[in-house]
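Protein chains in written order, with our numbering: chain C, 1 to 172; chain E, 1001 to 1332.
Beta carbons are placed, not taken as given, at the ideal position from N, Cα and C, and that holds for glycine.
I have placed the structure first, in the form of structure tokens, so that the comments after it can refer back to it.
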Amino acid sequence: MDGWIALALPGAVAYANSLVGDRTHAEDIVQECVCRLLFHAARYDLERDGRKLLFRSITNACINLHTRERKTVSLDDKGRADGAGWEVADRAAVPPPAAAMAEELRLAIAEGLTTLGVRYRAALELTSLGYETGEIAEMLGVTAENVRVLVFRARKSMAAFLNARFTGEASS
Amino acid sequence: MNLTLPVDEQDVDALVREYLEASAATVDVERLEREITARLGEASVMRPAPASRLPKLLARTGAWATAAVVLVAVSAALYFTLQPEPAGAYALVSAAQQSLEKGPDRCYRVEGRLPEGWLKANPWLRVGEAATVWTRGDRFLVSSDNGPVDVHWGQDESRNFWFIAGDTGFSFRPGETPPILLRTRMYLALNPRQLLNRFLKDFDLTIIKDREHQGQPVVRVWATRKPESKDIVFDTAWIEIDPRTKLVRRLEVERNVGQRTPPFGLIFTFVEQASLPASDYQAQAHLPPGGVLLGPDQAAERDDRFWELVGRRRPAAAKSQEAADKAPVDSQ
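Next comes the structure, spelled out in structure tokens:
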């Protein structure tokens, strides 16, 4: 399989997972998007543009999914942003406080991201991954100005969420 | 991940990036690649050729047709069981197309079974009984020297389409080519790269079996035109690809023109040859001594001479442009 795919897959799954909130579903979307790109490989220079096209395809698929489906939440899943339910983690296996704090922060970011609308989330994540405003605008089908607004509000919301979570105060 | 409180809005990007990177680190890439490969394989196997497209010999009776379908299914299943690479027909043809796009010059011998009417109507774009096609990306050169006159036509690096008639060469920029030539060029469709592009877009592809060619493995792909595809000249094709190098070793395209008329088509066979000088893809290289090339700079004279040569009245400019816009162009 092409080298660019192996390089892009981890980030693509992480991104899709963040957008749809379900790892299995995310992997399914990523696989489908990769297959579609490979079917139409003749139209593109995938070595050069494959990663960008894949993220665009994932963005569209995830947004479509959100607009098509109303997500239902099982009581078993309630309380865990990653949908892992109430299963108790083996704390003995990760004793260092730093690891625990990192895990707490990871869960907080995951939870914070789920409070954002899918377009806000996509804009923020794509920005953090280094995509330029114009590229994100193209992926989301909005104007560059819209992207800037989405990212600005998403950052503000995330900062407020994290501050509330860890200090009990919202940022200004 | 490190957190500095209070969280500033400018820190959010870095936190999100680290979160995504940590999440990415847990992805099992090898498993995903295996699953994608399996999906690609399924997709090609799940697109069976319509029964009416199967070779007539096998489709004559229900029993033969059933046997053929079973044989195809078993062959495909065996192929995928024994050959994890390449993944599927589309991936393989796509790789072959990319190989033609980026790779070195490729030379094919082309044998044609074409309607006499076409050959008479298009004496400058023909293959005769056999021709040689060189291709390098968008460039191609068709040479046939076994007819009454040498025939050369092709496309240069600027995608200018050209042909030689007697001591005069005609060269057209993309968008300038008269519709009559566009249609003829499409019918003869001698650029393997463009043909493969068509197969990817407008055909159902199925890997039928693998075989050997001079000790080397070759995968045979059966292509059938999708019913909804428009402006496609050929109905079926066999594409033989070396799975290791993605080289198209043989390509056989066919058009069914009715029960009473035998199908016509073209057979491309790869020929081991050294690369062609870049200048050979240009019209100038094939002009006879003292010959003149009429290109875009002499558009008025060129078009007058062209329509005189064709022996038809020149269409009104607007009509010509309209027709050109509607004509199915293969040059993209």
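For valine 30 (chain C), the three-state secondary structure derived from DSSP is helix. At a cut-off of 8 Å between C-beta atoms, isoleucine 1232 (chain E) does not count as an interface residue with respect to chain C.
In the three-state DSSP reduction, histidine 1152 (chain E) falls in the strand class (E or B). Cysteine 62 (chain C) is bridged by DSSP to nothing; it lacks a bridge partner. Cβ atoms of phenylalanine 1234 (chain E) and arginine 1255 (chain E) come within 8 Å of each other, at about 5 Å. Taking the Cα positions, proline 1174 (chain E) is about 41 Å away from alanine 16 (chain C). Where glycine 11 (chain C) is concerned, the enclosing alpha helix (DSSP H) starts and stops at 3-20. If you ignore the 5 residues before and after alanine 108 (chain C), its C-beta comes within less than 8 Å of the C-beta of Phe161, Leu162, Arg165 and Phe166, all in its own chain and listed in chain order. The CB of leucine 9 (chain C) comes closer than 8 Å to the CB of Val1027, Val1029, Leu1032 and Glu1033 in chain E, given here in chain order. As the crow flies, the alpha-carbon of valine 1093 (chain E) is around 8 Å from that of isoleucine 1241 (chain E). Between glutamate 125 (chain C) and chain E, the shortest Cβ-Cβ separation is below 8 Å. Burial state of aspartate 49 (chain C) is exposed, judged by a 10 Å Cβ sphere holding fewer than 16 other Cβ atoms. Here glutamate 125 (chain C) is buried. Its C-beta has 16 or more other C-beta atoms within 10 Å. Alanine 6 (chain C) is positioned such that its CB atom lies closer than 8 Å to that of valine 1029 (chain E).
When secondary structure is reduced to three states using DSSP, tyrosine 120 (chain C) falls in the helix class.
For threonine 24 (chain C), there are no C-beta contacts with chain E under 7 Å, since the nearest C-beta of that chain is about 11 Å from it. Not a single C-beta of chain C is nearer than 8 Å to the C-beta of serine 1171 (chain E). By alpha-carbon distance to leucine 1309 (chain E), the top candidate from E:Glu1033, E:Leu1100, E:Ala1096 and E:Gly1169 is E:Gly1169.
Distance check between glutamine 1194 (chain E) and each of E:Ile1164, E:Ile1207, E:Gln1155 and E:Gln1216 places E:Gln1155 closest, using alpha-carbon atoms only. In this structure, the alpha-carbon of asparagine 1160 (chain E) lies about 31 Å from that of glutamate 1228 (chain E). Taking a 10 Å sphere around the C-beta of glutamine 1273 (chain E), we find fewer than 16 other C-beta atoms and assign the residue as exposed.
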